[in-house]
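Asks:
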Amino acid sequence: MNANEILDVIEEIFPNAKCELHHESPFQLLVAVVLSAQTTDESVNKVTPALFKAYPTSKEMARASISNIEPYIRRIGLYRNKARSISALSKDLEAKFNGVVPSSYKDLMSLAGVGRKTANVVRSVAFDIPSFAVDTHVDRVSKRLGLAKPYDSVEKVEEKLKRKIDRDRWNQGHHDFIFFGRYLCTARHPQCQKCPFTSFCRKDKLEAYKQKAAQK
DNA sequence: ATCCCGAGGG
DNA sequence: CCCTCTGGAT
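FYI, full-length UniProt numbering numbers position 203 of the first sequence as 203, with every residue one higher than the one before it.
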């Protein structure tokens, strides 16, 4: 089964895969994605309503002190780094881009706390530019399904997925993999009974590789 | 390679 | 108790 066929099957199981981070503007999406690092989006959605009510745009966020931002996001973890990031990011957005979220990798990744993965999500969801963000779910699922090697970096995984999947399916395919990884092919106790791909799954090989890499 | 870090699930 | 959650900067 090739990558496009795998997507066909996943879309039968999860017909409504989409971005689940609540936001009302590209700026709010950008902040929500930064907050989502190592955190479930469900947790992010619990804190963003109050945060965005207090600071709806980069203008208000840039004026807030970090110590005023922290209480809003403390519950999601990594909160000091994240408060510092969204403060600096908002100030930069005002100063360099007049508060308008840019769409190029170069401009997006020049912002505090924004790396390749966050830039890809913003490009895809806010601007509908074909992109393929590789996060923990996409990385794990791609390697279990044999679309990437266990030792591939996230950059290499992104490159391979973009090569193997039709360009007009990149944005939807990203969310398909996320839903598959979040709700079926989970990290800890995947529901292999419900999985249509067990005949070629490489979960065991991936875990063996990780074991080996963890020693030393 | 390590650190940041709280919440929720098993 | 232990693991995982749409990472990024140092």
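C-beta: ideal position from N, C-alpha, C; glycine also.
Every value quoted in this text rests on a predicted model; they were computed, and no experiment measured them.
Do the stretch 134-148 and the stretch 91-107 touch if we need at least three Cβ pairs shorter than 8 Å?
Replies: Because the criterion of three Cβ pairs below 8 Å is not met, the stretch 134-148 and the stretch 91-107 do not touch.
Asks: Should the stretch 111-126 be regarded as contacting the stretch 31-47, the criterion being three or more beta carbon pairs within less than 8 Å?
Replies: yes
Asks: Suppose contacts are defined by Cβ-Cβ distances below 9 Å. Is His175 in contact with Lys18 by that definition?
Replies: yes
Asks: Could you give the uninterrupted runs of the alpha helix (DSSP H) lying entirely in the UniProt domain "HhH-GPD" (35-183), keeping only those of 4 residues or more?
Replies: 41-54, 58-63, 66-73, 79-97, 105-109, 116-127, 136-144, 154-164, 170-183
Asks: Thinking just about the alpha-carbon of each residue, which of Lys212, Glu158, Leu147 is nearest to the one in Phe132?
Replies: Glu158
Asks: According to the neighbour-count rule (16 or more other Cβ atoms, all chains shown, within 10 Å of its Cβ), is Met61 buried or exposed?
Replies: buried
Asks: Using a threshold of 9 Å, state whether the C-beta atoms of Leu145 and Phe200 are closer than that.
Replies: yes
Asks: Residue range of the alpha helix (DSSP H) that Leu21 falls in?
Replies: Leu21 -> no alpha helix (DSSP H), and no H or E assigned at all.
Asks: Let me check understanding here. Comparing Cα to Cα, which of Gln193, Phe177, Lys143, Gly173 lies closest to Asp204?
Replies: Lys143
Asks: Suppose contacts are defined by Cβ-Cβ distances below 9 Å. Is Phe1 in contact with Phe197 by that definition?
Replies: Looking at the sequence shown, residue 1 is not Phe but Met. Yes, these two residues count as a Cβ contact at 9 Å.
Asks: Specify the secondary structure class of Cys192 as computed by DSSP and reduced to three states.
Replies: Helix at Cys192.
Asks: Note down, in chain order, each residue of its chain lying with its Cβ closer than 6 Å to the Cβ of Phe52, except the 5 sequence neighbours on either side.
Replies: Gln28
Asks: Assuming Ala3 is part of the alpha helix (DSSP H), what are its boundary residues?
Replies: It spans 3-13 - the alpha helix (DSSP H) in which Ala3 sits, taken as one unbroken run.
Asks: Work out the CA separation of Leu93 and Arg123 for me, nearest whole Å.
Replies: 16 Å
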